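Asker: My structure is below; once you've seen it, I'll send some questions.
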Amino acid sequence: MGWARFFRRKQWDAERARELDAYLEIETDENLARGMSSDEARQAACRKLGNSTLIREEIYRMNSIGFFETVWQDVRYAARTLAKSRTFTFVVIVSLALGIGANTAIFSLINAALLKMLPVKDPEQLVQFKVVTPGGVGEGFSYPAYKEFRDHNRVFSGALAFSKFYDEPNIEVDGQSGRAKGQMVSGNFFSVLGIKPVMGRLIAPTDESVAGQSPVAVISDDYWRRRFALDPGVIGKKVVLNNIPFTIIGVTTPEFFGLQPGEKIDVSIPITMKAQVNPSFAFTGTRQDILAAPYRTWLSIMGRLKPGVTPKEAAADLEPMFHASMREAAASLSGLPFDSPAVRQSYLASKLRVDSAGQGLAALRQQFSKPLWILMTAVFLLLLVTCANVANLLLARANARQKEIAVRLTTGAGRWRLIRQLITESILLALGGGILGLLLAFGADRSLVMLMSHSNSPISLNVRPDTTVLAFTMLVSLFTALLFGFLPAWRATRLNLTSALVDSTRSAGRGGSRSKLGKMLIVAQVAVSLVLLIGAGLLARTLQNLQNFYPGFNKEGVLLFTVNPGVIGYNLDQSARLYERLLERINGVPGVRSATFSFYSPLRMLGLLIPKIQEGTPSSVKATDRVGIDDVGPNYFKTFEIPVLAGRDFAPSDRAGTPKVVIINEAMARQYFSDRNPMGKHLTVPGWNGDPSWKEIVGVVKDAQNRGLRESPTPMIYLPLFQFPDEALITFEVRTAISPLSVSNAIQRAVKATELRLPVFDIKTLNEQVDDSLVQERLIASLSGLFGALALLLAAVGLYGLMTYATNRRTGEIGIRMALGATRGQIAGMVLRETLLLVLAGLAIGVPAAMASSHLIRSELYGLRANDPLTILIAGLMMAGIAVFAAYLPARRASRVDPMVALRTE
Amino acid sequence: MLQGTLDLLILQTLIMGPAHGHTIAHTIEQRSEEVLQVEHGSLYPALHRLENRRWIASFWGTSENNRKARYYRLTAAGRKQLLEHTNRWDRLVRAVNRVLRPAKEET
């Protein structure tokens, strides 16, 4: 009701005016009847009524809500005053824009990568199935298990399955090869998610029903744009996917990118086409059939909960079905080469977990959640420094406005009313900074996403502003305004009116305590900047340590590229022969020293399995201990320059038909052959490539990093790929005598000359690959460094402003000192000493604060401790150095004061 | 004038039937035997306040000598309010009388 009256207050007023007029008319009539003249009658009536304007105002006020009535006045007044001091406004808005913009930029990354829900129907109902085993949490399920869950649960309105192509499929359009991100999906995938086509139709349950019979593909809107230039004739178009003809049947809506934030899926095909597009190890029609064997777990499953069902209840409902499927999986191993009690036990001991999945798959969240929160903390600290800076500017400005404020106070303005007015100015400034910051943030976010990406697989995140980000910026701006606005406003309105009105800003009022507050702000600013600087220093040195760290192989002078002959229809044996020919050709390219290949790209080793040793495994090895494994080419260790400690490197002669051999690394030798000589011993790795035979150890090599730079090298078994053909995505490594990129074209020509149709991708140097593994470290090191530098700059600007202001105020005093014989050097020294005192106070607070908080980033550090003295020392010196630099100008100005002039103005 | 007295007087006046501001002003002036001198204008904010509280309602009508005028009438809530206020006023007056004229009460 109050609001209704508030908005109708103008009409009310008009109504009242008419009513008062009516009174006057009636009263005048009566006065005329009493015999007055018309003028007299009117005047008497007016007297009787009283001041009608006052009456109307009183009623207007009753209808009004005082606060809102005056907000608009305040805003207009604030805008006018700010427009009058352009430089001040500009400086404040720009520094706020930096602070708020940094916060918005990092927050929108957090929002896009960690918080946003999937752009599907009712994402909060989605859950993902997880398998919890003693060794960790997995997401893989077999196709028979999926069908069981889908058809016999009571808790889902639908359950979908999908599997990403772990290698990117090759798609030929009109004879042109190209890679795409692909996934295989169940028939109900799109309907359960509630995705609609923009054109054509999406994959339906009938496409899943008969294995191998539905070569249809759905493409994303983005892929349609990139690959087909939005050609409306794309529906019904034939393309060749991994050598199998497919028909494009539909295009998904633009906002749908798949189920994993950060990655855009280009092509989806039915899961029942798996054996056609990935024929190696599909074993169609055998006991190991990818679509029928219960132990082959390759599908991720998501369900849409029925309303009111919790993930826990869903897990409870599915538990019996899950255990039945695991028992079946264990039983289905019998007679297979990699069957063992340990493997069976891992199936039987596993448990089902059902997790909320409304935000999609967790890969990106896991990778970036910690770095992004660290950066969020850094930008928050930066914002505090910005606030302190702006507060100091406002203090100085309030000093200049003392007279205005004094006049308003003496003429009856309430103190709170004035504070409100000043805070309105602050809010206006903060909103200006917020808007500019928002623009900065969206300019920066694209580059930030690039900084998060590997060189060859860019992360695609939708960082466009949404309501969450806008609300965040709004809140941060208001918070900032109160933070930097309140103290100066409080201080500005506490005046000694007489002295403020009398004269001269210099002798006025409470200048002393004002600059005390200013000094406190500077100390706080220095302390917070130092915390930020020390954190940034620790992270920068971590990155440096990792970059200088020798990974166990020589990363200089090696070119990498990846091929997958499977996508042009090669089987395993044909692929192996192709690799042989490729090596021959590449070795003939001028500038090439040696060439090899491996199943895993360097530093991306993932395969961890339980090995068997023919001569017996030592009791110190636990049943669950796993080792790394890789299939490699001849001259692998020579190419990587990994020293062979005993025995030999792989040679071209290690091929099908020759005795089966393996090479192990030092860690493996230590763990599995502690007191024995591993040379000549035999081992096998169940479950790696279907070859259960014993292999002889013919070499021991030095450890090299294999799972990234931070993780210490795992025990490794290297197998010669020519003896054990394996699935086909292979990385070639070519060591060159000259710069690797300069032979890149020649090498690509050599590949084309060997097999024209073979697509080559991921061409880069080993150095770049090593750098890629540091993407997180680089992200936080460079950004926190940037924020640290900004904080330093702001602190310096604040210090400069404060010292300039302080020395100006003391011109008279300085004049007296000089008149009494102080030298210019002494005066300058005095100013510098004061500055250093402030900085020292800041350091005294900042160093312990940094030491207390740096353990928060301990897990991100490498090669140094969280309270690394050198980093703290450097940060402190930088702070002190920049402070002296900032104080130099005011100190010099102070030393040039002419005592005569100074004393005369006093 | 005592806070709320004017409100009470207005409600009391309207109990005889709807009236416009001019009438109300004059009635109050006469009925309070000119002890309560009301500047007629101050009546209108009070009318507005009472209307906001829904104790009275207003409508446009025609005055005795054919002028357009805004009329007020008592609502059910206003009637109840008046009763309550009158009772409270009576109690107050009795109490004040007891304090100021104890002897007379006793005799």
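Chains as they are written, first to last, in the working numbering: chain A, 1 to 906; chain B, 1001 to 1107. For every residue, glycine included, the Cβ atom is placed at its ideal position computed from N, Cα and C. For clarity, every value in this text was computed on a predicted model and none was experimentally measured.
#1: Measure the C-alpha to C-alpha separation of C46 (chain A) and V71 (chain A) and round it to an integer number of angstroms.
#2: Less than 8 Å between CB atoms is the rule here; does N1065 (chain B) satisfy it with respect to chain A?
#3: If A704 (chain A) sits next to P713 (chain A), beta carbons under 8 Å apart, how far is it from one beta carbon to the other, in whole angstroms?
#4: Excluding sequence positions up to five away, which residues of its chain have a Cβ less than 8 Å from the Cβ of L538 (chain A)?
#5: What is the DSSP secondary structure of S507 (chain A), counted as helix, strand or coil?
#6: Name the DSSP beta bridge partners of F162 (chain A), please?
#7: Leaving out five residues before and five after R1054 (chain B) in sequence, what residues of the same chain have Cβ atoms less than 7 Å from its Cβ?
#8: Measuring alpha carbon to alpha carbon, tell me which residue in A:D13, A:E319, A:K312 is nearest F149 (chain A).
#9: CA-CA distance, E711 (chain A) and L603 (chain A)?
#10: Within 8 Å of any Cβ in chain B, is that where the Cβ of L48 (chain A) sits?
#11: Closer than 8 Å, CB to CB, is Y23 (chain A) near chain B or not?
#12: Between T754 (chain A) and G566 (chain A), what straight-line distance do the alpha-carbon atoms span, to the nearest angstrom?
#13: So, is the C-beta of T1013 (chain B) closer than 8 Å to a C-beta in chain A?
#14: Compute the minimum distance between the beta carbon of A44 (chain A) and the heavy atoms of the ligand MN, and state whether it is under 7 Å.
#15: Counting only beta-carbon separations shorter than 8 Å, does R1070 (chain B) have a partner in chain A?
#16: Determine, using beta carbons only, whether E1051 (chain B) comes closer than 8 Å to chain A.
#17: For K84 (chain A), count the other beta carbons within 10 Å of its own beta carbon; 16 or more makes it buried, fewer makes it exposed. Which is it?
#18: Quick check on DSSP: helix, strand or coil for T87 (chain A)?
#19: On the DSSP bridge list, what partners appear for Y718 (chain A)?
#20: Name the chain B residues that come within less than 9 Å of L20 (chain A), Cβ to Cβ?
#21: Would the segment 513 to 530 of chain A and the segment 757 to 775 of chain A be scored as touching if the rule is three or more Cβ pairs under 8 Å?
#22: For my contact list, E168 (chain A) and A180 (chain A) are in at a C-beta cut-off of 8 Å; report their separation, rounded to the angstrom.
#23: Reducing DSSP to helix, strand and coil, say where K130 (chain A) ends up.
#24: For the segment 657 to 710 of chain A, which segments carrying the alpha helix (DSSP H) assignment without a break, of at least 4 residues, lie completely within its bounds, in sequence order?
#25: Does any residue of chain B have a CB that is nearer than 8 Å to the CB of S37 (chain A)?
#26: Which bits of chain A does H1085 (chain B) rub up against, with CB to CB less than 8 Å?
#27: List in chain order: all unbroken beta strand (DSSP E) runs of 3+ residues lying wholly within the segment 721 to 767 of chain A.
#28: Any idea what DSSP makes of W1060 (chain B), helix, strand or coil?
#29: Find out if the Cβ-Cβ distance for the pair L96 (chain A), L790 (chain A) is shorter than 8 Å.
#30: At the level of alpha carbons, what is the spacing between T53 (chain A) and N1097 (chain B)?
#31: For E1029 (chain B) and Y23 (chain A), what's the separation of their Cα atoms in angstroms?
#32: Check P618 (chain A) in the structure and name its three-state DSSP category.
#33: Using the three-state DSSP reduction, which class does E1106 (chain B) fall into: helix, strand or coil?
#34: Could you name the residues of chain B that D29 (chain A) contacts, counting a contact when the two beta carbons are closer than 8 Å?
#35: With DSSP run on the structure shown, which of helix, strand or coil describes G647 (chain A)?
#36: Rounded to whole angstroms, how far is the Cβ of T424 (chain A) from the Cβ of A78 (chain A), which I believe are closer than 8 Å?
Answerer: Per the coordinate set shown:
#1: Here residue 46 (chain A) refers to the residue found at position 46 when the first sequence is read from its first residue. Here residue 71 (chain A) refers to the residue found at position 71 when the first sequence is read from its first residue. Rounded to the nearest angstrom, the two C-alpha atoms are 35 Å apart.
#2: For the purposes of this step, residue 1065 (chain B) is identified with residue 65 of the second sequence, where counting begins at 1. Closer than 8 Å to some Cβ of chain A, the Cβ of N1065 (chain B) qualifies, so yes.
#3: Position 704 of the first sequence holds residue 704 (chain A). Position 713 of the first sequence holds residue 713 (chain A). Contact flag correct, Cβ pair sits at about 6 Å.
#4: Residue 538 (chain A) sits at position 538 when you count from the first residue of the first sequence. Closer than 8 Å at Cβ, skipping near neighbours: S854, I857, L861, L864, A866, D868, T871.
#5: Working through the first sequence from its first residue, we reach residue 507 (chain A) at position 507. For S507 (chain A), the predicted model reports a pLDDT of 43, less than 50, meaning its position is unreliable and no value from the coordinates is stated.
#6: Residue numbering aside, residue 162 (chain A) sits at position 162 when the first sequence is read from its first letter. The partner list for F162 (chain A) (beta bridge, DSSP) reads A:V185, A:S300.
#7: As a first step, residue 1054 (chain B) is located in the second sequence; it is residue number 54 there, counting from the start. Taken in chain order, the residues that qualify are T1075, A1077.
#8: Against the first sequence, residue 149 (chain A) aligns to sequence position 149. Comparing Cα positions, the closest option is A:E319.
#9: What you label residue 711 (chain A) is simply residue 711 of the first sequence in a count that begins at 1. What you label residue 603 (chain A) is simply residue 603 of the first sequence in a count that begins at 1. So the two alpha carbons sit approximately 10 Å from each other.
#10: To locate residue 48 (chain A), count along the first sequence from 1; it is residue 48. In the sequence on display, residue 48 (chain A) carries Lys and not Leu. So, interface residue.
#11: Taking the first sequence and counting its residues from 1, the one referred to as residue 23 (chain A) is at position 23. Answer yes: the Cβ-Cβ gap between Y23 (chain A) and chain B drops below 8 Å somewhere.
#12: Position 754 of the first sequence holds residue 754 (chain A). Position 566 of the first sequence holds residue 566 (chain A). T754 (chain A) and G566 (chain A): Cα-Cα distance of roughly 16 Å.
#13: The sequence position of residue 1013 (chain B) within the second sequence is 13, counting from 1. Closer than 8 Å: no.
#14: Absence of the ligand MN is noted for the structure shown, with no ligands found whatsoever.
#15: Along the second sequence, one-based indexing puts residue 1070 (chain B) at 70. Closer than 8 Å: yes.
#16: Sequence index remark: in the second sequence, residue 1051 (chain B) carries index 51 (1-based). So no, E1051 (chain B) is outside the interface.
#17: Counted from its first residue, the first sequence places residue 84 (chain A) at position 84. With fewer than 16 other Cβ atoms within 10 Å, it is exposed.
#18: Sequence index remark: in the first sequence, residue 87 (chain A) carries index 87 (1-based). Looking at T87 (chain A) - three-state DSSP - the assignment turns out to be helix.
#19: For the purposes of this step, residue 718 (chain A) is taken as the residue at position 718 of the first sequence. Answer by DSSP bridge pairing, in chain order: A:D630, A:I663.
#20: Working through the first sequence from its first residue, we reach residue 20 (chain A) at position 20. Those are G1021, G1041, Y1044, listed as they occur along chain B.
#21: no
#22: The residue you call residue 168 (chain A) lines up with position 168 of the first sequence. The residue you call residue 180 (chain A) lines up with position 180 of the first sequence. Between A180 (chain A) and E168 (chain A) the Cβ distance is about 6 Å, and since that is below 8 Å, they are a contact.
#23: By 1-based counting over the first sequence, the position of residue 130 (chain A) is 130. Residue state, collapsed to three classes: strand.
#24: 666 to 672
#25: Locating residue 37 (chain A) in the first sequence gives position 37, where the first residue counts as 1. No, because no Cβ of chain B sits closer than 8 Å to the Cβ of S37 (chain A).
#26: Your numbering for residue 1085 (chain B) matches position 85 in the second sequence. Chain A residues near H1085 (chain B): none, gap ~20 Å exceeds 8 Å.
#27: 730 to 736, 760 to 765
#28: Position 60 of the second sequence, counted from the start, is the residue given in the question as residue 1060 (chain B). It is a strand residue.
#29: Working through the first sequence from its first residue, we reach residue 96 (chain A) at position 96. Working through the first sequence from its first residue, we reach residue 790 (chain A) at position 790. Not a contact, by the Cβ cut-off of 8 Å.
#30: Position 53 of the first sequence, counting from 1, holds the residue named residue 53 (chain A). Position 97 of the second sequence, counting from 1, holds the residue named residue 1097 (chain B). Whole-angstrom Cα-Cα distance: 40 Å.
#31: Numbered from its first residue, the second sequence carries residue 1029 (chain B) at position 29. Numbered from its first residue, the first sequence carries residue 23 (chain A) at position 23. Distance between the alpha carbons of E1029 (chain B) and Y23 (chain A) is about 15 Å.
#32: For the purposes of this step, residue 618 (chain A) is taken as residue 618 along the first sequence, with counting starting at 1. Of the three classes helix, strand and coil, the one that applies to P618 (chain A) here is coil, per DSSP.
#33: Here residue 1106 (chain B) is taken as the residue at index 106 of the second sequence, counted from 1. Residue confidence is low: E1106 (chain B) scores 47 on pLDDT, short of 50, so the model does not pin down where it sits. No coordinate-derived value is stated.
#34: Within the first sequence, residue 29 (chain A) is the residue found at index 29, counting from 1. Neighbours of D29 (chain A) on chain B, chain order: N1065, R1067.
#35: As a position in the first sequence, residue 647 (chain A) is number 647, starting the count at 1. G647 (chain A) falls in the strand class under three-state DSSP.
#36: On the first sequence, position 424 is the one that residue 424 (chain A) refers to. On the first sequence, position 78 is the one that residue 78 (chain A) refers to. T424 (chain A) to A78 (chain A), Cβ: 5 Å. Contact.
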